[in-house]
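J.: Got a structure here, written out as C-alpha cells. Questions coming.
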DNA sequence: ATTACTGTACCGTCCGGACGGTATAGCCGT
DNA sequence: ACGGCTATACCGTCCGGACGGTACAGTAAT
C-alpha cells in the first residue's frame, strides 16, 4: 500500500512519455518497464495487461481534466457561457504540473488517444462518455448551442493540430487565436438573444 | 502498367478499410493482402514495405483533398474568405465517391493518420507541409487571420471528433454547426454582425 | 519475353503474458 | 524476543505466436 499508488503513477508517466517520444508503436511492456526503471514482471504486477495500462492512462486523464475544469469553473465567472469558457481554458491553458513545469492536457489526451487507438480502442469509451456529457453541458450554457459547439470543436482542433504539426501557429498567432475563441464564447450580444429568445 | 495503378489503388483501399474497421494495429501485410484478395507476395510486388503502403495512403489522400479543394474553389465565390470556405466545404462536405456513395475526407485522413502514427510517423511530413501551406493561404484570404484559423481548427475538430466519437452531434445539430462555421468564415468585418434567421 | 501476379517456405525479431523465485516488512501468538 | 506466517513488491526467464521481410518456383495473359 505504501508505494503502490506512486508506482502506478510512475508507470503511467513512463507509458505517456514513451508514446509521446517514440510513437504509439513503441508502447510495449518491456519498454515501459525500462522507462520506469522496473522489470517487466514488476510492471505486470501493477497492471495485469497492456490494455490495463492504456485504460489507466485514459482514466487518469479524465480525472486530471475534470479537476482542472472544476478549478476554472470556480473562478467567479457567472455570465452565460461560463462552462464553455472553462472548457476552453482547461483545454488550451490547462496545466497539471508534475513536479516540473507545465503539461497541457493536450499532451495527455494525445498520448492516451494514440495508445488506445493502437492497442485497445474500447478503452476510449469512458472518454467518449465524458465528452458527450461536456457537450451536453455546453449546449445548455447560455450560448447558442451551435456557437458553443464550434468553440468546443476549435479547442479540440487546436491541441490536436498542434500535436500533429498540422498548420502549427506561432506563439503570437496562437495567442490571438485563443483570444478569438474566448471572444466567440463570450458573445452574449448580437446573434444570441439574452432576453426573449430561449424558452 | 495498365492494371498496376488499379491494383495499387485496390491495395490502398483495402488498407484504409482495414484500419477503419479493425484499428491501426490490424494493418499487417497479410491482412491487407487478404482484404484485397491478393497474396502477400502480390502486395509486396506493388509496395516494397508496409511503410510504403502508409506513405501511399498519405499521398493519395493529399491528391484527393487538393482535387476537391480546387473544385470548390472554382465555384464562383469571389468574396474575401473564399479559400477558407472552400476548405470548410472540402473538409466537411467533401466527398470522393469510389463507385458507391459518399466518403468524407475525414475518413480518409483518419485512416492515413492512424496508420502513419502507428507504424511510420515520418510519412506524415508531406501532409504537414500541405497543412502549413493551407494555413498560410487562409491567413491571406481576406478574413482576419485569427478568425480564419479558428474556422480551420473547428473543421479539423469536427471530423476528428466525429471519427473518435467525442461529443458527437445529431445530424440536425451538425448541420447548424456547419452553417455557423461557414457564417464565421463569411464575416468580413465588424465582429459578429447579425442575423439569426436564414434564407 | 515481359508483366503481374500466386503460393509456399522460411528467417530473425519482438511481443504479451505466465511463472517461479526473492527480498522485505509487518503482525501474531507465545 | 522469537519463530512462523503472510502480503507486498518486485526480478528474471521462458515460451508460443505473430509479424515484416526475403526467396523462389510457377502460372497465365499480353
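Residue numbers (my numbering), protein chains in the order written: chain L, -4 to 194; chain G, -4 to 194.
Here a beta-carbon is modelled for each residue, glycine too, at the ideal position from N, C-alpha and C.
Say whether chain G places a C-beta atom closer than 8 Å to the C-beta of residue 56/L.
T.: Chain G contact via Cβ: absent.
J.: For residue 99/L, does the three-state DSSP call read helix, strand or coil?
T.: Note: residue 99/L maps to strand in three-state DSSP.
J.: Taking one C-beta from the region 100 to 113 of chain G and one from the region 162 to 179 of chain G each time, how about it: are there three or more such pairs within less than 8 Å?
T.: Counting Cβ pairs under 8 Å, fewer than three are found: no touch.
J.: Given residue 29/G, which residues of its chain have a CB within under 7 Å of its CB, disregarding the five upstream and five downstream residues?
T.: Cβ within range, chain order: n/a, list empty.
J.: Taking 8 Å as the threshold (C-beta atoms), are residue 44/G and residue 151/L in contact?
T.: Taking 8 Å as the Cβ cut-off, residue 151/L and residue 44/G do not qualify as a contacting pair.
J.: Using DSSP with H/G/I as helix, E/B as strand and the rest coil, what is residue 138/G?
T.: Coil, per DSSP.
J.: Return the residue from the list 42/L, 56/L, 131/L and 127/L that minimises the CA-CA distance to residue 108/L.
T.: Ranking the options by Cα distance to residue 108/L, first place goes to 56/L.
J.: Starting from residue 182/G, find everything on chain L with Cβ-Cβ shorter than 7 Å and list it in chain order.
T.: None at all; the shortest Cβ gap to chain L is about 11 Å.
J.: For residue 116/L and chain G, any beta-carbon pair shorter than 8 Å?
T.: Closer than 8 Å: yes.
J.: Please name the residue in 159/L, 125/L, 8/L and 146/L whose C-alpha comes closest to that of residue 173/L.
T.: Closest option to residue 173/L, Cα to Cα, is 146/L.
J.: Is it buried or exposed, residue 66/G, if we count other Cβ atoms within 10 angstroms and call 16 or more buried?
T.: Burial call: exposed.
J.: What's the call for residue 110/G, buried or exposed, on a 16-neighbour Cβ count within 10 Å?
T.: So residue 110/G counts as buried.
J.: Determine whether the beta carbon atoms of residue 78/G and residue 132/G lie at a separation below 8 Å.
T.: The answer is yes: Cβ separation under 8 Å.
J.: Of all Cβ atoms in chain G, is any one closer than 8 Å to the Cβ of residue 155/L?
T.: Yes, its Cβ sits closer than 8 Å to a Cβ of chain G.
J.: Please state the DSSP three-state secondary structure of residue 115/L.
T.: Residue 115/L falls in the coil class under three-state DSSP.
J.: With 9 Å as the C-beta to C-beta threshold (strictly closer), list the residues of the region 138 to 168 of chain G near chain L in chain order.
T.: Under the 9 Å Cβ criterion, the region 138 to 168 of chain G contributes 139, 140, 141, 142, 144, 145, 146, 147, 148, 149, 150, 151, 152, 153, 155, 156, 159, 160, 161, 162, 163, 164 and 168.
J.: Whole angstroms are fine: how far does the CA of residue 12/L sit from the CA of residue 49/G?
T.: Answer to the nearest angstrom: the Cα atoms are 24 Å apart.
J.: Cβ atoms of residue 14/L and residue 7/L: under 8 Å apart, would you say?
T.: Taking 8 Å as the Cβ cut-off, residue 7/L and residue 14/L do not qualify as a contacting pair.
J.: The alpha helix (DSSP H) with residue 51/L in it runs from where to where?
T.: Counting along the chain, the alpha helix (DSSP H) containing residue 51/L begins and ends at 45 to 68.
J.: Residues in the same chain with beta-carbon distance under 8 Å from residue 27/G, minus the five sequence neighbours each way, listed in chain order, please.
T.: The answer, listed in chain order, is 6, 9, 10, 13, 38 and 48.
J.: Under the assumption that residue 148/G contacts residue 149/L (Cβ atoms under 8 Å), give the Cβ distance between them as a whole number of angstroms.
T.: Their Cβ separation, rounded to whole angstroms, is 4 Å, which keeps residue 148/G and residue 149/L in contact under 8 Å.
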